[in-house]
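Written out below as structure tokens is the structure these notes cover.
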Ligand code: ADP
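Numbering (my numbering), first residue to last: 30 to 247.
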């Protein structure tokens, strides 16, 4: 479904977010207080405007209250990030996602009503750290602070063995949700299905459970 977003702050983050939303078929009003980033995105965004979003009158003029989702991608200027988020919530934008530089910034944003706080640098650090720590981990999605959906290369020691034999859930607590073989994906595999080298496993479980399994099969 085509959605309308307002992206405020066109640094590296806001710009790449805007490009991705547009590439996915959505509409984006991209705003920055400086002229250059606005010019650079003008041909890509649905509309691009130079404006200071800490000004209530400006947000009213931009029709902020008509958007169902606004993203505050102002990073360095804490005051501008906080004030803009506050105003967007006053304009009753249902979903406001705000980028935080650190925990303190995030906690202020949450107190003034931001619906989603993101920490791009911290989260990329965690993601890369996890990927580098494991030979088999391809990617993962954090489902909650403790639970992940992890995509791992099937360890060589699993080659030719069935799910029943491996008994992963009983031994480790995590579950193999799907087995990918090239372009084919076997969702909710059966007990007698076997795993072969080159397969990719989709695992759901806690960080500890997944790490335990990986260590055992190293
Ligand atoms: P990144 O780390 O993603 O590059 P920056 O903090 O460098 O993020 O960029 C944030 C952008 O937000 C800058 O382009 C800046 O001009 C813009 N910005 C800062 N304050 C405001 C404001 N009050 N209204 C609109 N845009 C703003």
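A virtual CB, placed ideally from N, CA and C, is assigned to each residue, including glycine.
Here the structure is a predicted model, which is why all the values come from computation and not from measurement.
Residue i, DSSP secondary structure in three states
i           : result
residue 44  : helix
residue 194 : helix
residue 246 : coil
residue 148 : coil
residue 177 : strand
residue 61  : strand
CB contact flag (residue i, residue j, <7 Å)
i           : j           : result
residue 231 : residue 180 : yes
residue 127 : residue 42  : no
residue 37  : residue 82  : yes
residue 129 : residue 146 : yes
residue 51  : residue 60  : no
Cα-Cα separation, residue i to residue j
i           : j           : result
residue 197 : residue 241 : 11 Å
residue 119 : residue 34  : 17 Å
residue 211 : residue 228 : 7 Å
residue 104 : residue 151 : 13 Å
residue 148 : residue 188 : 39 Å
residue 226 : residue 243 : 15 Å
residue 144 : residue 123 : 8 Å
residue 109 : residue 153 : 24 Å
residue 290 : residue 239 : Residue 290 cannot be examined here, being either before or after the span of the chain that is shown, 30 to 247.
Contact belief for residue i with residue j at Cβ below 8 Å, rounded distance in angstroms
i           : j           : result
residue 88  : residue 116 : 5 Å
residue 207 : residue 215 : 6 Å
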